[in-house]
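Remarks on the structure that follows.
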Amino acid sequence: MSFSKILGQNKALNFLQILLKSERIPPALIFNGPEGVGKFLTAKEFAKALNCIKSGKEDESLFADEQKKPQTEKELTKPCDSCISCEQIEKRAHPDVRIVDSVFQGLLLQDEINKQKNIKIESIREITKYVYARPMLSARKIFIVQDAGNLTMESQNAMLKILEEPPADTIFILICACKNLLLPTILSRCHVIEFKPLPASIVTDILSVNSIPLNEAIMYGEISDGSVKKALDIKNLMEKISGFDPMDPAYAFKISAGLPKELYLAREEAGTFLDILIARSHARWKINSSNNHKNLLTKLMTFKKYLKQNVSPGLILESALIEASETGISIGVGDKNV
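Just remember that my numbering sits 95 ahead of the position in the sequence shown, which is counted from 1.
As structure tokens, then:
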């Protein structure tokens, strides 16, 4: 993996390359943008580039004892992917690069990984143990906080204390889908780098490279809102309901009954189903701009708003599926209108 494998984020990558060339790295960065557009991959590659042994930047580390010869600009800004530092970062085994996410917290709390929706104070306390220690292998300690918008208020306050006086050899990368979920005082101490939705063609290319048939990759890419994660979520949902018959009178009920029990997961899944219906309704409306399709789009957008309120996701989804079916739109893979 290298920066060249990260597609559709040229502006963000160009800025990071400038930082690497200047060697003036802000102590805290926010990678802000939709899920599934390459923020985490970029953070990981940036960490590799910062601590790559072949870049000549490891001389300040605890075990470094050899002065490296000057490197070219290309070498300074491109991780080699073959040194021990790059390999350990890729394997999540680097002692100076820690990734705070559901896996990290689940292992820390000895709890189920899929239950780690929020980043709790225990996770921040755990990384604080390493923030003020000297790097063990590389020149810098790097902490990548995945889904930083899910930091609890207590966790954000603990993070703020670190960011107020960060050690000189420490860099934080906070990955967010919505930076405004963070405290203004945290935002003011971070340099924000924006990531944009990917073009549908790039999402399609990424999916097809990962063994998804081209016709399906095109369909998922066109209704993904520029997010590889969302495209894969759609693919998984399509597979989940592939055995249901749209002609079955209980079709809508069966799909809505299969939503996850956890409310936030049920809302997410129902929201993805609604996005599929909205995309297909819009595609049908472009072909036939009748009032029926226009009215359906309006209703579906209203259902999306209801999801954010105290209304049952199952009831919303069932109602949406029934409304769509009356206009001749289904949610299965067989619908070729997108």
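Note that CB positions come from ideal geometry on N, CA and C, so glycine has one too.
Exposed unless 16 or more other CB atoms sit within 10 angstroms - verdict on residue i
i	result
residue 115	buried
residue 423	exposed
residue 453	Look at the range of the chain in this structure, 96 to 433, and you will see that residue 453 is not part of it.
residue 286	exposed
residue 364	buried
residue 51	Since the first residue of the chain shown is 96 and the last is 433, residue 51 is not available in this structure.
residue 381	exposed
residue 113	exposed
residue 316	buried
residue 198	exposed
residue 326	buried
residue 279	exposed
residue 354	buried
residue 281	buried
residue 321	buried
residue 119	exposed
residue 340	exposed
residue 344	exposed
residue 254	buried
residue 211	buried
residue 273	exposed
Residue i versus the options, residue with shortest Cα-Cα distance
i	options	result
residue 48	276, 223, 263	A query on residue 48 cannot be resolved here, the shown segment of the chain reaching from 96 to 433 and no further.
residue 342	398, 227, 420	420
residue 414	144, 331, 138, 349	349
residue 318	306, 324, 374, 282	374
residue 103	119, 425, 132	132
residue 332	360, 300, 263, 345	360
residue 222	399, 265, 351	265
residue 218	209, 235, 237, 194	194
residue 366	236, 404, 261	404
residue 122	304, 226, 307	226
residue 292	109, 124, 134	134
residue 185	224, 136, 211, 312	136
residue 107	202, 290, 372, 307	290
residue 372	395, 209, 173	395
Cα-Cα separation, residue i to residue j
i	j	result
residue 141	residue 176	12 Å
residue 241	residue 270	5 Å
residue 183	residue 267	18 Å
residue 309	residue 257	47 Å
residue 200	residue 207	9 Å
residue 379	residue 387	10 Å
residue 179	residue 148	8 Å
residue 369	residue 356	18 Å
residue 402	residue 144	42 Å
residue 228	residue 284	21 Å
residue 154	residue 231	Here the model assigns residue 154 a pLDDT of 44, short of 50, so the residue's position is not dependable and the matter cannot be decided.
residue 233	residue 216	27 Å
residue 213	residue 407	22 Å
residue 259	residue 187	27 Å
residue 99	residue 288	18 Å
residue 323	residue 330	10 Å
residue 417	residue 347	6 Å
residue 362	residue 263	42 Å
residue 295	residue 130	15 Å
residue 376	residue 191	49 Å
residue 250	residue 305	36 Å
residue 127	residue 398	27 Å
residue 297	residue 109	19 Å
residue 352	residue 390	26 Å
residue 303	residue 400	33 Å
residue 392	residue 425	14 Å
residue 189	residue 237	10 Å
residue 124	residue 385	48 Å
N- and C-terminal bounds of the beta strand (DSSP E) containing residue i
i	result
residue 83	No statement about residue 83 is possible, as the shown extent of the chain runs from 96 to 433 and does not include it.
residue 289	286-289
residue 192	192-195
Endpoints, the alpha helix (DSSP H) within which residue i is located
i	result
residue 299	295-304
residue 181	179-185
residue 227	Taken as a continuous stretch (DSSP letters only), residue 227 belongs to no alpha helix (DSSP H), as it is neither H nor E.
residue 377	358-382
residue 316	309-317
residue 351	346-352
residue 422	Careful: residue 422 lies outside any alpha helix (DSSP H) and carries neither H nor E.
residue 328	323-335
residue 99	No alpha helix (DSSP H) holds residue 99; DSSP gives it neither H nor E.
residue 400	386-402
residue 139	134-146
residue 116	105-117
residue 282	279-282
According to DSSP, residues forming a beta bridge with residue i
i	result
residue 126	270, 288
residue 265	236
residue 246	214
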